[in-house]
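Report on the structure given below.
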Amino acid sequence: MKRLKIFIFILFFHYCSQPKIEEPSASKEVNRFYAQNYTYVSYKDDKPNMFLSSESVSYDNNSSNFVMENIISKIDSGYNEYSYIVAKKGMYNLENKVTTFFENVKIVVEERYLLEGTFFRWKGNDSILETSEGTPVMIKDKTGLIVNGYNFSLSVNLKKFYLDNVSMTLPESENEGF
Amino acid sequence: MKAFKFFLLLFLFNLGYFNLFADIVINASKMEVDYKNNMFNLSGNVSLNTKDYFMTTDNLIYKKQEKTVMANGNIVIEFIKDKRRVNADTMIRTKESLARESTLFTGKPVRLVDFEKERTIEGNLIRIVKNDNKESIFIEGNAVVFDDKLKINSDKIEYFKSDKFMLMYTNSSIKKDDYIIKTEGIKYLEDDKILIFDKETRIDKKDISIVAKRGKYDEKQDVIEADDVTYIKENTKIVSDKLLNLKKDGNNFYVFKDVKEIKDKNMLGKANEIEYEEKKNIILMKTDAFIEDKSKDLDIRSDVIRIDNNEDKVFLIGSVNIRQKDKVISSSLGYYDKKSNKMVLTGNPVYKKGNDLTYAQIIILDTSNNNVVMQGEIKGRFDIKKEK
Chain H
1 MKRLKIFIFI LFFHYCSQPK IEEPSASKEV NRFYAQNYTY VSYKDDKPNM FLSSESVSYD
61 NNSSNFVMEN IISKIDSGYN EYSYIVAKKG MYNLENKVTT FFENVKIVVE ERYLLEGTFF
121 RWKGNDSILE TSEGTPVMIK DKTGLIVNGY NFSLSVNLKK FYLDNVSMTL PESENEGF
Chain E
1 MKAFKFFLLL FLFNLGYFNL FADIVINASK MEVDYKNNMF NLSGNVSLNT KDYFMTTDNL
61 IYKKQEKTVM ANGNIVIEFI KDKRRVNADT MIRTKESLAR ESTLFTGKPV RLVDFEKERT
121 IEGNLIRIVK NDNKESIFIE GNAVVFDDKL KINSDKIEYF KSDKFMLMYT NSSIKKDDYI
181 IKTEGIKYLE DDKILIFDKE TRIDKKDISI VAKRGKYDEK QDVIEADDVT YIKENTKIVS
241 DKLLNLKKDG NNFYVFKDVK EIKDKNMLGK ANEIEYEEKK NIILMKTDAF IEDKSKDLDI
301 RSDVIRIDNN EDKVFLIGSV NIRQKDKVIS SSLGYYDKKS NKMVLTGNPV YKKGNDLTYA
361 QIIILDTSNN NVVMQGEIKG RFDIKKEK
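So this is what it looks like as structure tokens:
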């Protein structure tokens, strides 16, 4: 537990510190750009519905993809509720508004659940968060509930999520209904 | 941005402290979570494992906020501590507080096998309530409780397991090797083996039937106390306000008080009190005893009437008064042999018919033809005019 705390503190200070701004590489192609400490705001119906911050970002206008590293994202779930995502890597497609998060992805869904996995996809147009087929997900809540499963899919509009091959563990408690 | 980063981390820190103690595990093929309402809907080969029980079912809904678990389809639960198994179609389990939990099962029927008591409980609806470590089981709709010695059927049974008693409601029957009880309401004290009833109840035991509105049956002692009773054995029927059942040399001895009616073969009567010795088949009618045989136009009144059914004899003691048609005989002692139809009266018998009055040592009345024979010293007065 101590190790986890120390790791997360390090991560926290790392995010808050201001890294040096490097000059763009001369070898980059003209149709690409590279930035650091980048924040992107996506709008839906004239309202910002996703904030994407990353330590670095590169853009490829052929594929309309932003490729990001060390990402933190905030998604508006409506009714003043938000979901937060951190990931080692990510990719945002400007055309279909799909954001893909890779490697050590952690998501806090509306202050209710913490999702952990290696791959998540946020479909901005449909307000759906999902994994690819066969990808495992771990879900936790503040009460100690842990759910492991595959094929995760969450609809922000319906306030529902779905999971296959589920194993759910609840903490020992005399008053949980079981 | 920094604020929500911090929030995220704080959220992460708050986890973990709880996870070490997890002991409820649910597995399923699919899960749908309505996270706004904290509702988990699991389906397909669902299994649930807790420290108290293991369950398999087709579907399970867990409402976290309401602390309610619902299941439906092919439910099988093995209760580990309680040593029982339940098969049901649906289940709703609620923990209202730390001390109170309720589990409702429905099915056609729900079957609960209690391995500890070697007993099976069935019903269309079974509710198990635990409150302060006291357990009650409520069974409704074709309720059945049975083991190798006992079978109870009822519309509704309430079994207070911790307090060791059972309440049965309408259309109830209790079958044991040696008796059947049919009742509209009865309380069964499990350890004492006493049945208390305040609704109409019929007890059939060998060749005896007892119907009563209120009473108590002690199964261990095989004795009964009841009010508003009708007792039937073969050709004998006794209707009384009260019945007390005692044991005399291991045999049943019944005391009926405020007897409204006694019917013995073709005789009908009443008395303040009747004692009945079951094995010897002797009926003792006390105080203002009266019997009549309408087929013979015969009345018998006496302080005490003793009917020996095995010998087919009636003994009369006290203020004996016999009337057949227009003849009246009074005495203080007598016996009536029903086989030979002879009524023998001693103890200063007096014969009366109209104005005729005769005293004799013994007067014998043949009840088959109304003839009278007088024996010993005879004194009397006859109204000769009337004879003409």
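So the protein sequences, as listed, match chains H and E. To convert, note that position 112 of the first sequence is 112 in our numbering; the numbers rise steadily by one, no gaps. To convert, note that position 176 of the second sequence is 176 in our numbering; the numbers rise steadily by one, no gaps. A virtual CB, placed ideally from N, CA and C, is assigned to each residue, including glycine. Every value quoted in this text rests on a predicted model; they were computed, and no experiment measured them.
Short CB-CB distance (under 9 Å) between residue i and chain E
i	result
Asn49(H)	no
Val166(H)	yes
Lys159(H)	yes
Thr169(H)	yes
Val57(H)	no
Leu163(H)	yes
Phe120(H)	no
Gly149(H)	yes
Gly90(H)	no
Phe178(H)	yes
Nearest residue (CA-CA) to residue i, options the options
i	options	result
Glu96(E)	Ile121(E), Asn74(E), Glu66(E)	Glu66(E)
Asp326(E)	Gln361(E), Glu234(E), Asp356(E), Asp312(E)	Asp356(E)
Ser331(E)	Phe315(E), Val344(E), Pro349(E), Asn341(E)	Pro349(E)
Met55(E)	Ile24(E), Leu243(E), Met343(E)	Ile24(E)
Asn49(E)	Glu78(E), Val129(E), Leu298(E)	Glu78(E)
Glu110(H)	Gln36(H), Gly78(H), Met68(H), Asp45(H)	Gly78(H)
Tyr335(E)	Asn341(E), Lys353(E), Val314(E)	Val314(E)
Ile146(H)	Lys159(H), Phe152(H), Tyr113(H), Ser42(H)	Tyr113(H)
Thr287(E)	Met267(E), Lys265(E), Phe256(E)	Phe256(E)
Asn183(H)	Asn96(H), Asn148(H), Leu115(H)	There is simply no residue 183(H) to check, as chain H begins at 1 and stops at 178 in what is shown.
Asn252(E)	Leu243(E), Val259(E), Lys260(E)	Leu243(E)
Ile283(E)	Val144(E), Glu261(E), Asn309(E)	Asn309(E)
Ser167(H)	Phe152(H), Lys88(H), Asn93(H)	Phe152(H)
Gly123(E)	Ala360(E), Ile291(E), Ile152(E), Val372(E)	Ile152(E)
Lys270(E)	Ser29(E), Glu292(E), Val211(E)	Glu292(E)
Glu311(E)	Met374(E), Lys339(E), Lys205(E), Glu225(E)	Lys339(E)
Asn148(H)	Asp60(H), Met138(H), Asn125(H), Ser127(H)	Met138(H)
8 Å contact criterion, which residue i and residue j should meet: CB distance rounded
i	j	result
Val46(E)	Phe161(H)	Wrong, their Cβ atoms sit about 18 Å apart, outside the cutoff.
Glu219(E)	Ile194(E)	7 Å
Tyr150(H)	Asp141(H)	So it is not a contact: roughly 19 Å between Cβ atoms.
Ile415(E)	Ile363(E)	Since the displayed chain E opens at 1 and closes at 388, residue 415(E) lies outside it and no answer follows.
Lys149(E)	Asp177(E)	7 Å
Gly44(E)	Lys30(E)	5 Å
Leu94(H)	Phe51(H)	Wrong, their Cβ atoms sit about 16 Å apart, outside the cutoff.
Bridge partner(s) assigned by DSSP for residue i
i	result
Val156(H)	Val156(H) pairs with nothing; no bridge assigned.
Gly78(H)	Glu81(H)
Gln324(E)	Leu298(E), Lys327(E)
Phe40(E)	Val33(E), Tyr62(E)
Tyr217(E)	Leu195(E), Ile224(E)
Ile363(E)	Leu345(E), Met374(E)
Ala289(E)	Ser302(E)
Asp164(H)	Tyr150(H), Lys30(E)
Any chain H beta carbon closer than 9 Å to residue i
i	result
Ala28(E)	yes
Met168(E)	no
Arg85(E)	no
Ile24(E)	yes
Met40(E)	For the sequence presented, residue 40(E) should be read as Phe rather than Met. True, the Cβ-Cβ gap to chain H drops below 9 Å.
Leu195(E)	no
Ser133(E)	Just to set this straight, residue 133(E) is Asn in the shown sequence, not Ser. No, Asn133(E) does not count as interfacial toward chain H.
Lys389(E)	Because chain E in this structure spans residues 1 to 388, residue 389(E) falls outside the shown range and cannot be described.
Thr230(E)	no
Tyr35(E)	yes
Met183(E)	Here residue 183(E) turns out to be Thr, not Met, going by the sequence shown. Not an interface residue.
Asp158(E)	For clarity, residue 158(E) is Glu in the given sequence; the question names Asp instead. Judged by the 9 Å Cβ criterion, Glu158(E) is not in contact with chain H.
Thr201(E)	no
Leu241(E)	Going by the sequence as given, residue 241(E) is Asp instead of Leu. No, its Cβ sits nowhere closer than 9 Å to a Cβ of chain H.
Leu244(E)	no
Glu140(E)	no
Asp397(E)	In this structure chain E extends from 1 to 388, so residue 397(E) is not present and cannot be described.
Cβ-heavy atom distance, residue i to the ligand MG, below 8 Å
i	result
Asn104(H)	Annotation note on the ligand MG: not contained in the displayed structure, which lists no ligands.
Note down, in chain order, all residues in the stretch 99 to 116 of chain H with a beta-carbon under 8 Å from any beta-carbon belonging to chain E.
Lys106, Val108, Val109, Glu110, Glu111, Arg112, Tyr113, Leu114
Contacting positions in the stretch 132 to 145 of chain H - beta carbon closer than 7 Å to chain E:
Lys140, Lys142, Thr143, Gly144
Going along the stretch 56 to 79 of chain E in order, which residues come within less than 8 Å of chain H, judged by CB to CB distance?
Tyr62, Lys63, Lys64, Glu66, Lys67, Thr68, Val69
Selection of the stretch 102 to 126 of chain E by Cβ proximity to chain H, strictly under 7 Å
none
Proximal residues, the stretch 85 to 99 of chain E versus chain H, C-beta separation under 8 Å:
Arg93, Thr94, Lys95, Ser97, Leu98
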